[in-house]
Amino acid sequence: MGALTNVLLLLSLATSQTQALYYPLREYAGSTFFDKWDYYGFVDNTTWGNVTYQDRANATSKGLTSINAAGNAIIKVDNTTSLVAAPAGTVVNRDSIRITSQDSYPLGTLILLDALHIPYGCSVWPSFWTLGLQSTWPGSGEIDIVEAINGMTRNQIALHTPQGCNQATTATQLQSGTTANTNCAEPRGCIVMENKQASFGAAFGEGGGGVYAMSMEREGVYVWFWSRADIPSSISTATSSSTMDTTSWGLPTAAYPASGCNITQYFPPQNLVLLTTLCGAWAGVPSIYSSTCPGTCFADNVLGSGTNYANAYWEIRYIRTYTSDSASASASVPVSSSTSASAAQGGGGTTVVTVVTDAAGPTSSTSGADRKSVV
Ligand SMILES: *[C@@H]1O[C@H](CO)[C@@H](O)[C@H](O)[C@H]1NC(C)=O
Ligand SMILES: *[C@@H]1O[C@H](CO)[C@@H](O)[C@H](O)[C@H]1NC(C)=O
Ligand SMILES: *[C@@H]1O[C@H](CO)[C@@H](O)[C@H](O)[C@H]1NC(C)=O
Ligand SMILES: *[C@@H]1O[C@H](CO)[C@@H](O)[C@H](O)[C@H]1NC(C)=O
Ligand SMILES: *[C@@H]1O[C@H](CO)[C@@H](O)[C@H](O)[C@H]1NC(C)=O
Numbered sequence: 078m079g080a081l082t083n084v085l086l087l088l089s090l091a092t093s094q095t096q097a098l099y100y101p102l103r104e105y106a107g108s109t110f111f112d113k114w115d116y117y118g119f120v121d122n123t124t125w126g127n128v129t130y131q132d133r134a135n136a137t138s139k140g141l142t143s144i145n146a147a148g149n150a151i152i153k154v155d156n157t158t159s160l161v162a163a164p165a166g167t168v169v170n171r172d173s174i175r176i177t178s179q180d181s182y183p184l185g186t187l188i189l190l191d192a193l194h195i196p197y198g199c200s201v202w203p204s205f206w207t208l209g210l211q212s213t214w215p216g217s218g219e220i221d222i223v224e225a226i227n228g229m230t231r232n233q234i235a236l237h238t239p240q241g242c243n244q245a246t247t248a249t250q251l252q253s254g255t256t257a258n259t260n261c262a263e264p265r266g267c268i269v270m271e272n273k274q275a276s277f278g279a280a281f282g283e284g285g286g287g288v289y290a291m292s293m294e295r296e297g298v299y300v301w302f303w304s305r306a307d308i309p310s311s312i313s314t315a316t317s318s319s320t321m322d323t324t325s326w327g328l329p330t331a332a333y334p335a336s337g338c339n340i341t342q343y344f345p346p347q348n349l350v351l352l353t354t355l356c357g358a359w360a361g362v363p364s365i366y367s368s369t370c371p372g373t374c375f376a377d378n379v380l381g382s383g384t385n386y387a388n389a390y391w392e393i394r395y396i397r398t399y400t401s402d403s404a405s406a407s408a409s410v411p412v413s414s415s416t417s418a419s420a421a422q423g424g425g426g427t428t429v430v431t432v433v434t435d436a437a438g439p440t441s442s443t444s445g446a447d448r449k450s451v452v
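Residue 452, in the numbering used here, is where the sequence shown stops; the numbers in between run on with no holes.
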């Protein structure tokens, strides 16, 4: 591609992303990282991995969620319990964690994840994504920001929606990643593969981790990734109260412009979800598992001492959320209000000033019948 073409593409990207300036809303970090999340607290009944997601009390007492000496959040799979085979029909699950943000975020939101380590290894399936809890999956949308399995070395981004939302063909000119599927209603979603090295697997942590960013606007959904050394200075020099300017970020890895998908229609306010499952409907499919890993998913990984899961942990410096609505940003820090939550989810008639609204609590946070990434 010539330089002029690049300039034109960047200009068209700039005009398609009308929002470049964002105001800080919430930071999940340090000793309060886990305060504004709900713990799932039962088996993986959405992707059918061989895990039981622990509640907050168990997660804390079993050391599966904690803050380390550096002040970073650790979210891990149990790697100290020895599991043995049991009679057919007996559930033998390993303990893991799934957390859902109590806040839901409407269009006009930017989300940053700064991580030093992301779970990896055979059978391991981590993900950081958003989910609309308003209706049965995928009725209220899903945006997969970080997701990969087993021996994959690159991240994979996807949207999940009902019929009618596609990645526009023009998107390939607006992104650095490689499109693998354009129909967001197919079970695997509309997928863009990251081409950057060290976006997943052992190399991610060895490179000092990095930053994932996702903006969701009426004009489109965009996802970026940078390894530690390449993080734009607007991010690396920011504090939790800094505004964030996306102008100098360059092409995103994945672009889903509104020309192919009515973002307003398909993406009501989204909750953040972070989890690690094992095997299940993607990582555990025998033909998929065997493409990067030896043996069989459950018997050769989930069973046994658990020492193979020493790398199955997230280490997170922060998750920060921002709004492009300056009025909302100055009018509020995020509030907990069931009134505003129902309004944001379409249940109320009043316009709320707060752009971040707490979901109605554990019941609604765990009600999303998502069956993401089933292949
Ligand atoms: C908490 O841990 C105990 C002991 O392992 C287990 O019996 C119980 O089912 C766990 N609770 C949840 C919600 O996973
Ligand atoms: C592991 O999960 C798969 C998929 O849900 C299930 O078929 C299998 O029975 C599980 N294995 C055990 C031993 O629980
Ligand atoms: C997109 O969806 C919104 C909400 O359903 C609707 O108001 C709007 O007219 C739609 N835009 C287009 C271009 O279809
Ligand atoms: C369990 O994993 C942690 C990292 O999360 C590691 O430091 C520890 O050595 C592992 N324990 C065992 C028994 O492998
Ligand atoms: C998963 O199980 C929990 C607890 O039984 C339940 O509340 C929830 O609705 C289930 N989710 C799905 C998608 O089946």
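Note that beta-carbon positions come from the ideal geometry of N, C-alpha and C, so glycine has one too.
Residues with their Cβ less than 5 Å from any non-hydrogen atom of ligand 1, running along the chain, are Gly118, Gln131, Asp132, Asn135.
Here the stretch 228 to 244 does not lie against the stretch 150 to 167, with fewer than 3 beta-carbon pairs under 8 Å apart. Per DSSP, reduced to three states, the secondary structure at Pro334 is strand. Nearest in C-alpha terms to Glu271, of all of Asn260, Glu283, Gln252, is Gln252. Within its own chain, the residues whose Cβ lies closer than 7 Å to the Cβ of Gln240, once the five positions on either side in sequence are excluded, are Ala262, listed in chain order. Counting only the Cα atoms, Gly381 lies some 41 Å from Ser292. By the criterion of a C-beta distance shorter than 7 Å, Thr369 is surrounded in its chain by Asn227, Gly228, Met229, once the five residues flanking it on both sides are discounted. Secondary-structure assignment with DSSP links Thr186 through a beta bridge to Met293, Thr400.
For Ala358, the enclosing alpha helix (DSSP H) has its first and last residue at 357 to 360. If you keep only unbroken beta strand (DSSP E) runs of at least 3 residues inside the stretch 138 to 206, you get 142 to 144, 150 to 153, 171 to 173, 175 to 182, 186 to 194. For Gln96, the CB contacts under 6 Å within the same chain, skipping 5 residues up- and downstream, are Glu294, Ser401 in chain order.
With respect to the 8 Å criterion, Phe302 and Ser276 are classified as neighbours on the basis of their beta carbons. For Tyr366, there is no enclosing beta strand (DSSP E); the residue is part of the alpha helix (DSSP H) that begins and ends at 363 to 369. Counted as a single uninterrupted DSSP element, the stretch harbouring Ile308 is not any beta strand (DSSP E), since DSSP gives it neither H nor E. In this chain, the beta strand (DSSP E) harbouring Thr255 covers 255 to 258. At a threshold of 7 Å, Thr123 counts as near ligand 5, since its beta carbon sits closer than that to one of the ligand's heavy atoms.
In the structure shown, the three-state DSSP call for Gly126 is coil.
Listed in chain order, the non-local C-beta contacts of Gly216 below 7 Å within the same chain comprise Pro239, local neighbours out to five positions each way being set aside.
A direct Cα-to-Cα measurement between Thr167 and Pro346 gives close to 38 Å. Relative to Asn339, the option among Gln244, Ser313, Gly148 whose CA is nearest is Gln244.
A straight line joining the alpha-carbon of Asn149 with that of Tyr299 spans about 26 Å. For Gly357, the Cβ falls inside the 7 Å cut-off from some heavy atom of ligand 2. Within 7 Å of the C-beta of Tyr395 there is not a single heavy atom belonging to ligand 4.
In its chain, beyond the 5 residues on either side, Asn156 have a beta carbon closer than 7 Å to the beta carbon of Thr384. Leu210 counts as buried, since at least 16 other C-beta atoms from the protein chains shown sit within 10 angstroms of its C-beta. For Ala280, the enclosing alpha helix (DSSP H) begins and ends at 279 to 283.
Counted as a single uninterrupted DSSP element, the beta strand (DSSP E) harbouring Gln233 occupies residues 233 to 237.
Around the beta carbon of Phe119, a 10 Å sphere encloses fewer than 16 other beta carbons of the protein chains shown; the residue is thus reported as exposed.
Relative to Leu187, the option among Tyr100, Asp377, Phe375, Ser310 whose CA is nearest is Tyr100. A direct Cα-to-Cα measurement between Tyr289 and Pro164 gives close to 42 Å.
Taking a C-beta distance under 8 Å as the contact criterion, Ala192 and Gly285 do not qualify as a contact pair.
Contact check between the stretch 98 to 114 and the stretch 315 to 326: three or more CB pairs, one atom from each, fall below 8 Å, which counts as touching. Secondary structure note for Ile268: its beta strand (DSSP E) is the uninterrupted segment 267 to 270. At least one heavy atom of ligand 2 sits closer than 7 Å to the Cβ of Asn127.
Under the DSSP assignment, Tyr100 falls in the beta strand (DSSP E) whose first and last residues are 98 to 106. Residues lining ligand 4 by the Cβ criterion, that is a Cβ closer than 6 Å to any of its heavy atoms, are Lys153, Asn156, Thr157, Thr384, Ala387, Tyr390 in chain order.
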